[in-house]
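The sequence shown begins at 223 in the numbering used here and counts up one residue at a time.
Think of the CB as a built atom: it goes at the ideal place given N, C-alpha and C, for glycine as much as any other residue.
Here's the structure we're looking at; comments come further down.
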Amino acid sequence: MARRRLDPVEIVVRVGDTDPDTGGNEEAYQEWVYRAREAGWDVAESTGFREPHDGGTECGLVDVEGLAYRIHYGLRVRVDLAEGEQPVLGYAAWAEPVRGDD
Numbered sequence: 223m224a225r226r227r228l229d230p231v232e233i234v235v236r237v238g239d240t241d242p243d244t245g246g247n248e249e250a251y252q253e254w255v256y257r258a259r260e261a262g263w264d265v266a267e268s269t270g271f272r273e274p275h276d277g278g279t280e281c282g283l284v285d286v287e288g289l290a291y292r293i294h295y296g297l298r299v300r301v302d303l304a305e306g307e308q309p310v311l312g313y314a315a316w317a318e319p320v321r322g323d324d
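Following this line, the structure appears as structure tokens:
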């Protein structure tokens, strides 16, 4: 039985832990593209990496086998700290499809 590929929106890449400067937007974008290709997707960098504007999370645009996706970088994943400390959100890269009404 063939292994199912993760849908591009299911690919979430931890980048930078709780410090956005540890990873950064460009590294997040490149890591997401790399992981999507590793998952078996044909990813074409539409406009490539770009710095987000207006404090947003979008850091790039790609085409994945005919569908456009926006790559984002921001607080997205749970980080469990030492016992007794409250969990926090850490930085990650993820993709969202570009819909016709966007």
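Taking just the CA atoms, how far does residue j sit from residue i?
i	j	result
isoleucine 293	glutamate 280	6 Å
glycine 246	glycine 277	14 Å
glycine 322	aspartate 285	14 Å
aspartate 241	tyrosine 295	12 Å
arginine 257	glutamate 248	14 Å
alanine 290	alanine 317	10 Å
tyrosine 251	glutamate 307	30 Å
valine 235	histidine 275	21 Å
leucine 303	leucine 297	15 Å
In three-state DSSP terms, what is residue i?
i	result
aspartate 285	strand
threonine 269	strand
glutamate 280	strand
valine 237	coil
glutamate 305	coil
Let's test the definition: count the other Cβ atoms within 10 Å of the Cβ of residue i and tell me whether it reaches 16, buried, or not, exposed.
i	result
glutamate 232	exposed
glycine 282	buried
glycine 262	exposed
glycine 288	exposed
alanine 266	exposed
alanine 315	buried
glutamate 273	exposed
For the beta strand (DSSP E) that residue i lies in, which residues bound it at each end?
i	result
glutamate 318	310-319
Quick one: give me the first and last residue of the alpha helix (DSSP H) that residue i is part of.
i	result
valine 255	247-260
Name the one or two DSSP bridge partners that residue i has.
i	result
isoleucine 293	Gly282, Ala317
valine 299	Gly312
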